[in-house]
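Trainee: Before I ask anything, here is the structure I am working with.
Numbering (the numbering used here), first residue to last: 2 to 324.
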């Protein structure tokens, strides 16, 4: 069962009084007044009541009873129906909470489905700016959309900080499986963010073009401001994706470099060990006539030759940085 979070009537930028859900049409019909209703998890009963009062289009009600997958804007006569999403993180999992907005002459209705940031802060901000609230429904619509987009900024800042930390860790130690899995999750979340942020730019551009009785031409720059904010978020998303890709790329390059160092060391030691092995192999052949076989100091001479050769090889590899 849904509940009415707040319902009030406004005139000349001031709150006139709180109302019940059934009194909406009565106040919205008065010249210079508009009602602002906030619902949380409304059901068919509440939405049907609002449809009867404000003559909401049947398709708008049908849309409202359906869960959506991305933001959208629909026009029904002189009324608007919008679907927007606020991001929240629950148990380290990114979720998107749907909010539906109905806007028309004399009313604006918000229906929130889930536990996202409450819109009571939007109401407080608007009531603290009576000169702007005097514009009416269009300013409230702008304030609601602006608040939704503000919710994305702290999340993206946290992603930026986490990616910077991962980049630093990659420089200090090899890229582990946990790092790769986390970067993969971040890249997936960034793609999901783009899916929900991208359409908001198109929605705000359309709000600037639409000609509705309740949208004053002087309010259109405010919707342009949201569009600019959306574009900045999209640019930041691109930067964050590049950071994630660079973290993996740097990790792979450093790991390849570390493996190359290890391989060079193995190759150097193998070459050093191959020298005495070759000498021992030559003198291990069962031939009767070989140089220095009858020499009294032959054994010590060969050992000295082997030691000198190994030392020379070690010094050479050390000079070239292989050891």
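Here a beta-carbon is modelled for each residue, glycine too, at the ideal position from N, C-alpha and C.
So what does residue 97 bridge to, in DSSP terms?
Mentor: On the chain shown, position 96 is the one that residue 97 refers to. Answer is 88, bridged to residue 97.
Trainee: If we count Cβ pairs, one from each stretch, closer than 8 Å, do we get three or more for the region 99–108 versus the region 70–83?
Mentor: yes
Trainee: Using CA atoms only, rank isn't needed, just tell me which of 134, 61, 246 and 144 is closest to residue 186.
Mentor: The residue you call residue 186 lines up with position 185 of the chain shown. Of 134, 61, 246 and 144, the residue nearest in Cα terms is 246.
Trainee: Can you give me the C-alpha to C-alpha distance between residue 251 and residue 180, rounded to a whole angstrom?
Mentor: The residue given as residue 251 occupies position 250 in the chain shown. The residue given as residue 180 occupies position 179 in the chain shown. So the alpha carbons of these two residues sit roughly 12 Å apart.
Trainee: For residue 111, list the residues DSSP reports as bridge partners.
Mentor: The residue given as residue 111 occupies position 110 in the chain shown. 39 and 102.
Trainee: Based on the DSSP output, what are the partners of residue 11 in its beta bridges?
Mentor: The residue labelled residue 11 in the question sits at position 10 within the chain shown. DSSP output for residue 11 lists 16 and 35 as bridge partner(s).
Trainee: Output yes or no for whether 8 Å exceeds the beta carbon distance between residue 268 and residue 314.
Mentor: As a first step, residue 268 must be located in the chain shown, where it is residue number 267. As a first step, residue 314 must be located in the chain shown, where it is residue number 313. The answer is no: Cβ separation not under 8 Å.
Trainee: Is it the case that the Cβ atoms of residue 162 and residue 227 are separated by a distance below 8 Å?
Mentor: As a first step, residue 162 must be located in the chain shown, where it is residue number 161. As a first step, residue 227 must be located in the chain shown, where it is residue number 226. No; because the gap between Cβ atoms is not below 8 Å, this pair is not in contact.
Trainee: To the nearest angstrom, how far is it from the Cα of residue 202 to the Cα of residue 156?
Mentor: In the chain shown, the residue the question calls residue 202 occupies position 201. In the chain shown, the residue the question calls residue 156 occupies position 155. Cα to Cα, the separation comes out at about 19 Å.
Trainee: Whose C-alpha, out of 8, 204 and 248, is nearest the C-alpha of residue 224?
Mentor: Within the chain shown, residue 224 is the residue found at index 223, counting from 1. If we check each option's Cα against that of residue 224, 204 comes out closest.
Trainee: Quick check: the region 5–21 against the region 125–143, are there 3 or more CB pairs under 8 Å?
Mentor: Contact between the region 5–21 and the region 125–143 is present, with at least three C-beta pairs closer than 8 Å.
Trainee: Alpha carbon to alpha carbon, how far is residue 145 from residue 220?
Mentor: By one-based count along the chain shown, residue 145 stands at place 144. By one-based count along the chain shown, residue 220 stands at place 219. Cα to Cα, the separation comes out at about 14 Å.
Trainee: Would you call the region 106–117 and the region 15–31 touching, i.e. three or more CB-CB distances under 8 Å?
Mentor: Contact between the region 106–117 and the region 15–31 is present: 3 or more CB-CB pairs across the two stretches fall below 8 Å.
Trainee: When DSSP labels each residue in this structure, what does residue 278 get in the three-state scheme?
Mentor: Sequence index remark: in the chain shown, residue 278 carries index 277 (1-based). Residue state, collapsed to three classes: helix.
Trainee: From the DSSP output, in three-state form, read off residue 80 for me.
Mentor: For this step, residue 80 is matched to residue 79 along the chain shown. Three-state DSSP puts residue 80 in a strand.
Trainee: Residue 233 and residue 71 look like a contact to me (Cβ under 8 Å); what is the Cβ gap, rounded to whole Å?
Mentor: Along the chain shown, one-based indexing puts residue 233 at 232. Along the chain shown, one-based indexing puts residue 71 at 70. Cβ-Cβ separation between residue 233 and residue 71: approximately 20 Å, too far for a contact (criterion under 8 Å).
Trainee: If residue 57 and residue 207 are in contact, beta carbons under 8 Å, what's the gap, nearest whole angstrom?
Mentor: Indexing the chain shown from 1 puts residue 57 at position 56. Indexing the chain shown from 1 puts residue 207 at position 206. Going by Cβ atoms, the distance from residue 57 to residue 207 rounds to 20 Å, so no, they are not a contact pair.
Trainee: Taking 7 Å as the cut-off, is the CB of residue 247 close to at least one heavy atom of the ligand PLP?
Mentor: You won't find the ligand PLP in this model; it holds no ligand whatsoever.
Trainee: When you compare only the Cα positions, how much space is there between residue 183 and residue 263?
Mentor: If you number the chain shown from 1, residue 183 lands on position 182. If you number the chain shown from 1, residue 263 lands on position 262. In a straight line, the C-alpha of residue 183 is about 28 Å away from that of residue 263.
Trainee: Please report the straight-line C-alpha distance between residue 1 and residue 5, rounded to a whole angstrom.
Mentor: Residue 1 is absent from the structure shown; the chain starts at 2 and stops at 324.
Trainee: Use the C-beta contact count for residue 143: other C-beta atoms within 10 angstroms, 16 or more gives buried, fewer gives exposed.
Mentor: By one-based count along the chain shown, residue 143 stands at place 142. It is buried - the Cβ of residue 143 has at least 16 other Cβ atoms within 10 Å.
Trainee: Could you round the C-beta distance between residue 241 and residue 176 to whole angstroms and report it? I think they count as a contact, below 8 Å.
Mentor: One-based indexing of the chain shown puts residue 241 at position 240. One-based indexing of the chain shown puts residue 176 at position 175. Actually they are not in contact, since the Cβ atoms of residue 241 and residue 176 sit about 18 Å apart, beyond 8 Å.
Trainee: Around the C-beta of residue 124, are 16 or more other C-beta atoms found within 10 angstroms, so that it is buried, or is it exposed?
Mentor: Position 123 of the chain shown holds residue 124. Buried, since its Cβ has 16 or more Cβ neighbours within 10 Å.
Trainee: Do you know how far the Cα of residue 311 is from the Cα of residue 301?
Mentor: In the chain shown, counting from the first residue as 1, residue 301 sits at position 300. In the chain shown, counting from the first residue as 1, residue 311 sits at position 310. Between the alpha carbons of residue 301 and residue 311 lies a distance of about 15 Å.
Trainee: Tell me whether the beta-carbon of residue 139 lies closer than 8 Å to the beta-carbon of residue 217.
Mentor: Locating residue 139 in the chain shown gives position 138, where the first residue counts as 1. Locating residue 217 in the chain shown gives position 216, where the first residue counts as 1. Yes. Within cutoff.
Trainee: Within a Cβ cutoff of 6 Å, which residues of the same chain sit near residue 1, ignoring the five residues on either side of it in sequence?
Mentor: With the chain covering 2 to 324 only, the question about residue 1 has no answer from this structure.
Trainee: So which of 316, 141, 248 and 115 has the shortest CA-CA distance to residue 126?
Mentor: Numbered from its first residue, the chain shown carries residue 126 at position 125. Considering only alpha carbons, the answer is 141.
Trainee: DSSP beta-bridge partners for residue 73?
Mentor: Counting from 1 along the chain shown, the entry for residue 73 is found at position 72. According to DSSP, residue 73 bridges with 84.
Trainee: From this set, 69, 170, 30 and 130, which residue's C-alpha is nearest residue 248's C-alpha?
Mentor: Taking the first residue of the chain shown as 1, we reach residue 248 at position 247. Residue 170 is the option with its Cα nearest to residue 248.
Trainee: Using only the alpha-carbon positions, how far apart do residue 318 and residue 324 sit?
Mentor: Stepping through the chain shown from its first residue, residue 318 is reached at position 317. Stepping through the chain shown from its first residue, residue 324 is reached at position 323. Straight-line Cα distance between these residues: approximately 6 Å.
Trainee: If you measure from the beta carbon of residue 282 to each beta carbon in chain B, is any gap under 8 Å?
Mentor: Absent here is chain B; the protein component of the structure consists of one chain.
Trainee: Note down, in chain order, each residue of its chain lying with its Cβ closer than 8 Å to the Cβ of residue 116, except the 5 sequence neighbours on either side.
Mentor: Numbered from its first residue, the chain shown carries residue 116 at position 115. Here the set comprises 89 and 98.
Trainee: Can you tell me whether residue 283 is buried or exposed, with buried defined as 16 or more other CB within 10 angstroms of its CB?
Mentor: By 1-based counting over the chain shown, the position of residue 283 is 282. It counts as exposed.
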